[in-house]
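*Asks:* Pasting a structure below so you can have a look.
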Amino acid sequence: MSVEQPRHGRHARLQSYPSPGKQNALWYYPQVTGGYARVARNAALIQLARYTPVLPLKNMLYRRLGMQVGAYVSVGLMVMIDIFFPQDVTLGENCVIGYQSTILCHEFTRHEWRRGPVVIERDVTIGANCTILPGVIIGAGATVSAMSLVNRDVPPGAFAGGVPVRVLRAS
1 MSVEQPRHGR
11 HARLQSYPSP
21 GKQNALWYYP
31 QVTGGYARVA
41 RNAALIQLAR
51 YTPVLPLKNM
61 LYRRLGMQVG
71 AYVSVGLMVM
81 IDIFFPQDVT
91 LGENCVIGYQ
101 STILCHEFTR
111 HEWRRGPVVI
121 ERDVTIGANC
131 TILPGVIIGA
141 GATVSAMSLV
151 NRDVPPGAFA
161 GGVPVRVLRA
171 S
């Protein structure tokens, strides 16, 4: 008999859904994301945004996907935004997302899938090659070092890094 642990942090912001059949949950993504056409459209716009160096065009494409994108946001080349739920991403004003980072709003496992928003508040810097998991909030003015796995919230003004991420210096 297992005892369910209390959920806090990012896990409290995740919605969990059981797999509706015997296959792993990813097989059912068309049913939970709005269908193949919607995901294909999202993928096309995200790929265009990944390769364009023109920041106003990139931000316009992200807004077209339903993302909340503040003024003066700079997203580096090759950044991968969640193709299933891009509308769950918020990028605060004047934040910088480093080259080839990944922002995920979903997790598919064998028996369930989970969805949660990612909020990157204003004046945040994310280093290159970071992965940000669903349900995470990165507080205003925080910095995340390159190649970090952001699997928990980062407090405002903190300097954080590592796999998994931890606060290296508080504000």
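If you read the sequence shown in the UniProt record's numbering, its first letter stands for residue 1, the second for the next number, and so on.
By construction, the Cβ of each residue, glycine as well, lies at the ideal position given by its N, Cα and C atoms.
Pick out the complete beta strand (DSSP E) segments inside the stretch 114-139, 3 residues or longer, and give them in chain order.
*Replies:* Fully enclosed beta strand (DSSP E) runs of 3 or longer: 118-120.
*Asks:* State whether the stretch 158-170 contacts the stretch 131-145, with contact taken as three or more CB pairs (one from each stretch) at a distance under 8 Å.
*Replies:* Contact between the stretch 158-170 and the stretch 131-145 is present, because at least three Cβ pairs lie under 8 Å.
*Asks:* Report the three-state DSSP secondary structure of Val-32 (helix, strand or coil).
*Replies:* Three-state result, Val-32: helix.
*Asks:* Take Val-75 and list the residues in its own chain whose beta-carbon comes closer than 7 Å to its own, dropping the five residues that flank it on each side.
*Replies:* Once the five neighbours on either side are set aside, the close Cβ partners of Val-75 are Lys-58, Ile-97.
*Asks:* Which value, in whole angstroms, describes the spacing of the CA atoms of Gly-9 and Val-136?
*Replies:* Whole-angstrom Cα-Cα distance: 8 Å.
*Asks:* Return the Cβ separation of Glu-93 and Tyr-62 in integer angstroms, given the expectation that the two are a contact with Cβ distance under 8 Å.
*Replies:* Not quite, the Cβ-Cβ distance comes to about 14 Å (not below 8 Å), so this is no contact.
*Asks:* Can you tell me whether Gly-21 is buried or exposed? The criterion is at least 16 other CB atoms within 10 Å of its CB, across all chains shown.
*Replies:* Gly-21 is exposed by the Cβ-count criterion.
*Asks:* For the stretch 71-114, list the alpha helix (DSSP H) runs that are entirely contained and at least 4 residues long, ordered along the chain.
*Replies:* DSSP runs (the alpha helix (DSSP H)) wholly in the stretch 71-114: none.
*Asks:* Please go through the same chain and pick out, in chain order, the residues whose beta-carbon is closer than 8 Å to the beta-carbon of residue 172, but skip the five residues on each side of it.
*Replies:* Residue 172 cannot be examined here, being either before or after the span of the chain that is shown, 1 to 171.
*Asks:* Can you give the Cα-Cα distance for Arg-38 and Leu-55, rounded to whole angstroms?
*Replies:* When rounded, the distance between both Cα atoms is 24 Å.
*Asks:* Spatial neighbours of Ala-170 within its chain, please: C-beta separation below 6 Å, excluding the five flanking residues on both sides.
*Replies:* Around Ala-170: Ala-158.
*Asks:* On a CA-only basis, which of Pro-30, Leu-14, Leu-65 is nearest Asn-42? Give me that one, please.
*Replies:* It is Leu-65 whose Cα lies nearest to the Cα of Asn-42.
*Asks:* Quick check on this structure: which residue in Phe-108, Val-165, Ile-103, Val-124 has the alpha carbon closest to the alpha carbon of Arg-29?
*Replies:* Looking at the sequence itself, residue 29 is Tyr, so the reference to Arg does not match. Considering only alpha carbons, the answer is Phe-108.
*Asks:* Excluding sequence positions up to five away, which residues of its chain have a Cβ less than 8 Å from the Cβ of residue 175?
*Replies:* A question about residue 175 goes unanswered here, because the residues of the chain that appear run from 1 up to 171.
*Asks:* From what residue to what residue does the alpha helix (DSSP H) around Pro-56 run?
*Replies:* Its alpha helix (DSSP H) spans residues 55-64.
*Asks:* For Arg-152, which three-state DSSP category applies?
*Replies:* Three-state result, Arg-152: coil.
*Asks:* Is the distance from the Cβ of Val-154 to the Cβ of Cys-130 below 8 Å?
*Replies:* The answer is no: Cβ separation not under 8 Å.
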